[in-house]
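**Student:** This is the structure, below, for whatever I ask next.
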Amino acid sequence: VKAAGKYCDVLTVNYYELILDLHRTIPDLLGTTSTKNLLEEFYKLSGKPILITEMGFRGVTHNNKSTKPFIYPRYFSQRSRAAKFEKAIKGYFEKKYIIGYHIFQWADQPYNGRSQPDGENNNWGIVDIYDEIYPELAGVLKLVNGR
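FYI, in our numbering the residues of the sequence shown are 5 to 151.
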């Protein structure tokens, strides 16, 4: 991260909520014991603003089991999933060093898993596998981005 700060104008980070706190399993990777302040630590180490290049929260729907991989929490209603997005994005906008974010991904992954070896089968999308929008999430995104 320090080296990137020397050569980059912006630091890009994929940032997800995890069930497992990976820094507890990889001691002293960044001299921290939690992912809670990871973005702030990256900013301090690099001295560069941060663009979150992937973020999201997965839900459980009749079209998606959201079981692979197991490391991400699952939200059991689109309302609770949208509320989590709202809280996270508001938090990003409160930090002067975060210049933007990208949601992973537009459409959900297939019910039986994507064809890549990992077989991910998640409700990550703003739309489902039939291109139908999740109205709760769309409403939250319109609200927080409009601010």
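Here a beta-carbon is modelled for each residue, glycine too, at the ideal position from N, C-alpha and C.
Between which residues of its own chain and Asn125 is the CB-CB distance below 8 Å, once the five residues before and five after are set aside?
**Tutor:** If we look at Asn125 and ignore the five residues flanking it on each side, its Cβ neighbours are Asn68, Lys69, Ser70, Thr71, Lys72, Gln113, Pro114, Tyr115, Asn116, Gly117, Arg118.
**Student:** To the nearest angstrom, how far is the alpha carbon of Asp13 from that of Pro53?
**Tutor:** Rounded to the nearest angstrom, the two C-alpha atoms are 8 Å apart.
**Student:** Any contact between the stretch 94 to 102 and the stretch 137 to 146? By contact I mean 3 or more CB pairs, one from each, below 8 Å.
**Tutor:** Cβ pair count under 8 Å is below three, so no.
**Student:** Would you mind stating whether Tyr138 and Val148 have Cβ atoms separated by less than 8 Å?
**Tutor:** No. Outside cutoff.
**Student:** Do you know how far the Cα of Gly129 is from the Cα of Phe46?
**Tutor:** Approximately 27 Å, taken between the alpha carbons.
**Student:** Closest to Thr16 by C-alpha separation, out of Leu42, Thr57, Lys6, would be which residue?
**Tutor:** The residue with the shortest Cα to Cα distance from Thr16 is Thr57.
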